[in-house]
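Trainee: Please read through the structure below; I'll follow up with questions.
There are 2 protein chains.
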Amino acid sequence: MHVLVIGAAGMVGRKLLDRIAGEDGVLGGEVTRLSLVDVVEPIAPQPLAGLSQSFAVDLSDDGAAARLIATRPDMIFHLAAIVSGEAEADFDKGYRVNLDGTRALFDAIRAEGMKSPYRPRVVFASSVAVFGAPFPDKIGDEFFTTPLTSYGTQKAITELLLSDYSRRGIFDGIGIRLPTICIRPGTPNKAASGFFSNILREPLAGKEAVLPVEESVRHWFASPRSAAGFFIHAARLDLEKVGARRNLTMPGLSATVGEEIAALTRVAGDKAARLIRREPDETIRRIVAGWPCDFDAQRAASLGFKAETRFDDIIKAHIEDELGGKV
Amino acid sequence: MHVLVIGAAGMVGRKLLDRIAGEDGVLGGEVTRLSLVDVVEPIAPQPLAGLSQSFAVDLSDDGAAARLIATRPDMIFHLAAIVSGEAEADFDKGYRVNLDGTRALFDAIRAEGMKSPYRPRVVFASSVAVFGAPFPDKIGDEFFTTPLTSYGTQKAITELLLSDYSRRGIFDGIGIRLPTICIRPGTPNKAASGFFSNILREPLAGKEAVLPVEESVRHWFASPRSAAGFFIHAARLDLEKVGARRNLTMPGLSATVGEEIAALTRVAGDKAARLIRREPDETIRRIVAGWPCDFDAQRAASLGFKAETRFDDIIKAHIEDELGGKV
Numbered sequence: 001m002h003v004l005v006i007g008a009a010g011m012v013g014r015k016l017l018d019r020i021a022g023e024d025g026v027l028g029g030e031v032t033r034l035s036l037v038d039v040v041e042p043i044a045p046q047p048l049a050g051l052s053q054s055f056a057v058d059l060s061d062d063g064a065a066a067r068l069i070a071t072r073p074d075m076i077f078h079l080a081a082i083v084s085g086e087a088e089a090d091f092d093k094g095y096r097v098n099l100d101g102t103r104a105l106f107d108a109i110r111a112e113g114m115k116s117p118y119r120p121r122v123v124f125a126s127s128v129a130v131f132g133a134p135f136p137d138k139i140g141d142e143f144f145t146t147p148l149t150s151y152g153t154q155k156a157i158t159e160l161l162l163s164d165y166s167r168r169g170i171f172d173g174i175g176i177r178l179p180t181i182c183i184r185p186g187t188p189n190k191a192a193s194g195f196f197s198n199i200l201r202e203p204l205a206g207k208e209a210v211l212p213v214e215e216s217v218r219h220w221f222a223s224p225r226s227a228a229g230f231f232i233h234a235a236r237l238d239l240e241k242v243g244a245r246r247n248l249t250m251p252g253l254s255a256t257v258g259e260e261i262a263a264l265t266r267v268a269g270d271k272a273a274r275l276i277r278r279e280p281d282e283t284i285r286r287i288v289a290g291w292p293c294d295f296d297a298q299r300a301a302s303l304g305f306k307a308e309t310r311f312d313d314i315i316k317a318h319i320e321d322e323l324g325g326k327v
Numbered sequence: 001m002h003v004l005v006i007g008a009a010g011m012v013g014r015k016l017l018d019r020i021a022g023e024d025g026v027l028g029g030e031v032t033r034l035s036l037v038d039v040v041e042p043i044a045p046q047p048l049a050g051l052s053q054s055f056a057v058d059l060s061d062d063g064a065a066a067r068l069i070a071t072r073p074d075m076i077f078h079l080a081a082i083v084s085g086e087a088e089a090d091f092d093k094g095y096r097v098n099l100d101g102t103r104a105l106f107d108a109i110r111a112e113g114m115k116s117p118y119r120p121r122v123v124f125a126s127s128v129a130v131f132g133a134p135f136p137d138k139i140g141d142e143f144f145t146t147p148l149t150s151y152g153t154q155k156a157i158t159e160l161l162l163s164d165y166s167r168r169g170i171f172d173g174i175g176i177r178l179p180t181i182c183i184r185p186g187t188p189n190k191a192a193s194g195f196f197s198n199i200l201r202e203p204l205a206g207k208e209a210v211l212p213v214e215e216s217v218r219h220w221f222a223s224p225r226s227a228a229g230f231f232i233h234a235a236r237l238d239l240e241k242v243g244a245r246r247n248l249t250m251p252g253l254s255a256t257v258g259e260e261i262a263a264l265t266r267v268a269g270d271k272a273a274r275l276i277r278r279e280p281d282e283t284i285r286r287i288v289a290g291w292p293c294d295f296d297a298q299r300a301a302s303l304g305f306k307a308e309t310r311f312d313d314i315i316k317a318h319i320e321d322e323l324g325g326k327v
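Laid out in structure tokens, this is it:
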């Protein structure tokens with residue numbers, strides 16, 4: 001099986017690669033070739049380095065998608081995107097990469113299939129940013145997509161294209177709407193959502209973290225481990241069971257900041273929790289208030305997608321995967 | 001006010017022009033210039049012929065949208081589209097015209113506004129084809145859009161773009177999801193939905209018509225008069241009241257074929273109804289089974305959009321508008 005991962009240098013991309021490299025046959029067949037793409041050259045996972053090739057490519061560049069697809073990968077994970085804040089700040093770049101780049105990929109698959117039969121699986125990373133406030137208490141699987149950012153708009157448009165191209169038999173697509181990933185490894189970043197991870201990751205490493213909102217703020221989470229699991233499961237899923245509606249809200253865990261902190265206390269003690277410094281930030285508070293905070297992701301659950309059900313497990317996954325099992 | 005109508009040679013476009021020409025100030029201001037665009041040169045409505053210009057233009061041609069928008073129309077009605085059957089048969093043409101052409105229009109408005117402030121109203125003709133089966137008994141305003149045709153996909157994508165461009169202040173957009181228009185004037189056409197109009201229009205003119213489905217088939221209707229009214233109302237509406245969710249399912253009338261025939265009998269007598277010949281067609285039956293048949297269009301109703309509530313009135317509107325008041 002020739003596997004192409006676009007966005008392979010990103011956090012979720014690297015988690016996915018670790019899973020593919022770590023477990024023989026996890027994608028339902030032997031990986032014989034691995035093509036890794038990102039705007040910076042991705043690093044191949046060590047066990048598969050011998051059959052990997054890495055490319056620094058911007059999918060929206062003329063001909064870039066066609067060159068990648070000319071190698072006829074069987075399995076395509078498309079995780080690359082200009083993130084929310086940048087797509088909002090740079091209208092042209094967001095639409096060019098997130099919409100035109102993805103459409104170029106889809107059209108390259110169509111063009112390749114017109115030369116000789118070709119119908120790869122395409123697993124696309126979408127986002128709960130396709131939804132826009134006001135929301136019901138729990139967002140159901142049939143709630144409409146009215147994004148309030150250009151990023152969310154670009155994801156929602158790609159979802160529509162993915163369904164239509166799949167319906168026409170151009171490829172077998174499935175869209176995965178990711179929850180907010182927590183605990184994000186690495187260093188604190190400036191994303192408005194960063195504090196959800198910072199207030200756990202930093203104290204677990206003995207460092208201070210800033211909490212800019214009230215403890216009552218509720219949000220929708222899954223661990224990086226679960227995110228990688230969603231993609232693996234989507235790659236192997238019988239799409240007949242999914243039917244025409246190819247974009248699925250992933251299961252996740254709805255929790256308040258207070259519940260995050262209580263879990264941190266249970267797992268790592270009072271001392272860790274005391275490293276969280278309250279510094280209310282009105283701007284972040286306002287941005288976060290417009291985000292969805294709870295879902296009823298029945299379809300994905302019934303199709304076998306799984307995520308954590310207790311915040312303690314999200315923290316324990318981080319300790320196991322990032323801290324060598326030790327706090 | 002400079003008014004641009006794209007798709008001005010189509011049936012709904014012509015009905016809209018008649019209304020604009022027939023009632024001074026119907027758009028909320030004096031029309032001082034009227035630009036009419038379609039792939040064939042549209043005919044200007046007589047009372048406004050002196051201030052009208054007609055253009056045969058394909059919006060998806062290089063530079064076409066920019067040339068139209070360089071004249072800075074204040075009010076833009078965008079009704080042009082490759083219809084459902086053709087967009088399904090010709091993938092490239094459907095995406096080129098319905099998606100790329102419309103995006104070229106939106107981007108031309110953005111480019112014009114970057115030269116000097118410019119923010120027209122854009123009223124876009126969408127369709128209930130943005131929905132795909134299975135449906136609830138009545139489709140509510142928050143039901144998700146999972147189209148089962150490329151046409152519906154292109155309309156749903158345009159709705160997303162319209163909302164995002166409006167949110168960013170590029171233009172003031174509003175999307176109008178039209179019901180099936182009935183009674184379509186003219187001659188029977190080959191659209192799968194044609195019989196809904198044929199079985200009324202032809203008998204009213206003393207001619208036979210073919211009914212390819214059972215009388216129990218239910219569908220969602222509005223008259224051409226109501227359709228023109230939707231666009232006029234959308235042009236004058238205070239968009240502050242609409243908020244961020246700019247695409248509205250229009251009110252309509254849910255009726256079965258049997259109810260259509262009963263209304264025909266009431267309005268034009270048994271003799272007319274006897275001109276309907278039953279010729280079951282399995283293909284048409286199957287296509288129609290996938291269409292939405294009832295909506296609960298509360299938002300549009302609360303914003304003042306109006307349609308017929310009795311099928312007799314749909315038939316009477318046709319008799320008044322197309323048959324000089326006489327059967």
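As they're listed, the protein sequences go chains E and V.
Under full-length UniProt numbering, the first sequence has 109 at position 109, and the numbering climbs by one with no breaks.
Under full-length UniProt numbering, the second sequence has 120 at position 120, and the numbering climbs by one with no breaks.
Virtual Cβ for every residue (Gly too), placed ideally from N, Cα, C.
1. Considering only residues of the same chain and omitting the five flanking positions on each side of Arg-72/V, which have a CB-CB separation below 8 angstroms?
2. Could you run through the region 131-146 of chain E and flag, in chain order, every residue whose CB is less than 7 angstroms away from some CB of chain V?
3. Under 9 angstroms between beta-carbons, which chain E residues line up against Ala-244/V? List them in chain order, please.
4. Taking only the alpha-carbon atoms, compute the straight-line gap between Thr-249/V and Lys-241/V and give it to the nearest angstrom.
5. Do the region 35-43 of chain E and the region 10-26 of chain E make contact, defined as three or more Cβ pairs closer than 8 angstroms?
6. Taking only beta-carbon atoms, is Arg-177/E less than 8 angstroms away from chain V?
7. Where in the region 224-256 of chain E do unbroken runs of the beta strand (DSSP E), each at least 3 residues long, occur, reported from the N-terminal end onward?
8. Would the region 99-109 of chain V count as touching the region 132-140 of chain V if we require 3 or more Cβ pairs under 8 angstroms?
9. Indicate the three-state DSSP secondary structure (helix, strand or coil) for Arg-119/V in the structure shown.
10. Return the Cβ separation of Ile-276/E and Ala-209/E in integer angstroms, given the expectation that the two are a contact with Cβ distance under 8 angstroms.
11. Report all residues from its chain with a CB closer than 6 angstroms to the CB of Ala-21/E; omit the five preceding and five following residues, and keep chain order.
12. Rounded to whole angstroms, what's the CA-CA distance from Leu-323/V to Leu-204/V? Just pull it up for me.
13. Select from the region 165-196 of chain E all residues with a C-beta closer than 8 angstroms to any C-beta belonging to chain V, and list them in chain order.
14. Quick one: Cα of Trp-291/V to Cα of Ala-300/V, how far?
15. Closer than 7 angstroms, Cβ to Cβ, to anything on chain E: give me those residues from the region 103-114 of chain V, in chain order.
16. How would you label Lys-155/E, buried or exposed, when you count the other beta carbons within 10 angstroms and need 16 or more for buried?
17. Consult DSSP for Arg-218/V and reduce its assignment to one of helix, strand or coil.
18. If contacts are defined as beta-carbon pairs under 8 angstroms, then Leu-264/V and Ala-222/V qualify, I think. What distance do you get, rounded to the angstrom?
19. Going along the chain, which residues of its own chain have a beta-carbon closer than 6 angstroms to the beta-carbon of Ser-163/V, five neighbours each way excluded?
20. I believe Ala-196/V touches Cys-182/V by the beta-carbon criterion, under 8 angstroms. Please report the beta-carbon distance rounded to the nearest angstrom.
21. Would you please state the rounded distance, in angstroms, between the beta carbons of Ile-6/E and Leu-51/E? I believe it to be under 8 angstroms.
22. Going by Cα to Cα distance, which pick from Leu-211/E, Ile-176/E, Gly-152/E and Ala-192/E is closest to Leu-303/E?
23. Mind listing, in chain order, the continuous alpha helix (DSSP H) runs of no fewer than 4 residues lying wholly within the region 258-305 of chain E?
24. Going along the chain, which residues of the region 80-91 of chain E sit with their C-beta nearer than 8 angstroms to a C-beta in chain V?
25. From the DSSP output, in three-state form, read off Met-75/V for me.
26. Helix, strand or coil for Ser-166/V, going by three-state DSSP, please let me know.
27. Opposite Thr-187/E in the DSSP bridges: which residues?
28. Are Thr-256/E and Val-288/E closer than 8 angstroms when you measure CB to CB?
29. Which of the three DSSP states, helix, strand or coil, is assigned to Arg-96/E?
30. Taking its Cβ as the centre, do 16 or more other Cβ atoms sit within 10 Å of Gly-63/E, making it buried, or is it exposed?
31. Is the shortest distance between the beta-carbon of Ile-157/V and the beta-carbons of chain E less than 8 angstroms?
32. Using alpha carbons as the reference points, say which of Phe-135/E, Phe-171/E and Asn-198/E lies closest to His-318/E.
33. Looking at Glu-259/E and Phe-305/E, is the spacing between their C-beta atoms short of 8 angstroms?
34. How is Ser-150/E classed by DSSP in three states: helix, strand or coil?
35. In three-state terms, what does DSSP make of Ile-82/V?
36. Between which two residues does the alpha helix (DSSP H) holding Arg-310/E run?
Mentor: Checking against the coordinates, here is how it stands:
1. Short of 8 angstroms from the beta carbon of Arg-72/V, and not among the five residues preceding or following it, lie these beta carbons of its own chain, in chain order: His-2, Glu-112, Tyr-118 and Pro-120.
2. Within the region 131-146 of chain E, the qualifying residues are Gly-132, Glu-142, Phe-143, Phe-144, Thr-145 and Thr-146.
3. When 9 angstroms is used as the limit between beta carbons, Ala-244/V is near these residues of chain E: Gly-132, Ala-133, Thr-146 and Leu-148, in chain order.
4. Straight-line Cα distance between these residues: approximately 16 angstroms.
5. Proximity of the region 35-43 of chain E to the region 10-26 of chain E meets the contact definition, three or more beta-carbon pairs being nearer than 8 angstroms.
6. No, Arg-177/E lies away from the interface with chain V (no Cβ there is under 8 angstroms from its Cβ).
7. If you keep only unbroken beta strand (DSSP E) runs of at least 3 residues inside the region 224-256 of chain E, you get 247-249 and 253-256.
8. With a cut-off of 8 angstroms, the region 132-140 of chain V and the region 99-109 of chain V do not count as touching, because too few Cβ pairs lie within range.
9. Of the three classes helix, strand and coil, the one that applies to Arg-119/V here is coil, per DSSP.
10. For a cut-off of 8 angstroms, the C-beta gap from Ile-276/E to Ala-209/E is around 6 angstroms, short enough to register as a contact.
11. Correct list, in chain order: Pro-45, Pro-47 and Leu-48.
12. For Leu-323/V and Leu-204/V, the distance between alpha carbons rounds to 9 angstroms.
13. Correct list: Arg-167 and Arg-168.
14. Trp-291/V and Ala-300/V: Cα-Cα distance of roughly 21 angstroms.
15. For chain E, none of the residues of the region 103-114 of chain V brings a beta carbon within less than 7 angstroms of one of its beta carbons.
16. With 16 or more other Cβ atoms within 10 Å, it is buried.
17. Under the three-state reduction of DSSP output, Arg-218/V falls in the strand class.
18. The beta-carbon separation of Leu-264/V and Ala-222/V, rounded to 17 angstroms, does not stay under the 8 angstroms limit for a contact.
19. Cβ-Cβ distances below 6 angstroms link Ser-163/V to Arg-246 in the same chain, with the five nearest sequence neighbours on each side left out; the list follows chain order.
20. The amino acid occupying residue 196/V in the given sequence is Phe; Ala does not appear at that position. Contact flag correct, Cβ pair sits at about 5 angstroms.
21. Rounded, the Cβ-Cβ distance is 18 angstroms, inconsistent with contact.
22. Ranked by Cα distance from Leu-303/E, the options Leu-211/E, Ile-176/E, Gly-152/E and Ala-192/E are led by Ile-176/E.
23. You should have 270-273, 282-289 and 298-302.
24. Those residues of the region 80-91 of chain E that come within reach of chain V (Cβ to Cβ, closer than 8 angstroms) are Phe-91.
25. Met-75/V: strand per DSSP, three-state reduction.
26. Correct three-state label for Ser-166/V: helix.
27. Its beta-bridge partners do not exist; DSSP assigns none.
28. No, they are not a contact pair.
29. Looking at Arg-96/E - three-state DSSP - the assignment turns out to be helix.
30. So Gly-63/E ends up on the exposed side.
31. Yes, Ile-157/V counts as interfacial toward chain E.
32. Of all alpha-carbon atoms in Phe-135/E, Phe-171/E and Asn-198/E, the one lying nearest the alpha-carbon of His-318/E is that of Asn-198/E.
33. No.
34. In the three-state reduction of the DSSP assignment, Ser-150/E falls in the helix class.
35. Coil at Ile-82/V, not helix or strand.
36. Here Arg-310/E belongs to no alpha helix (DSSP H), and DSSP marks it neither H nor E.
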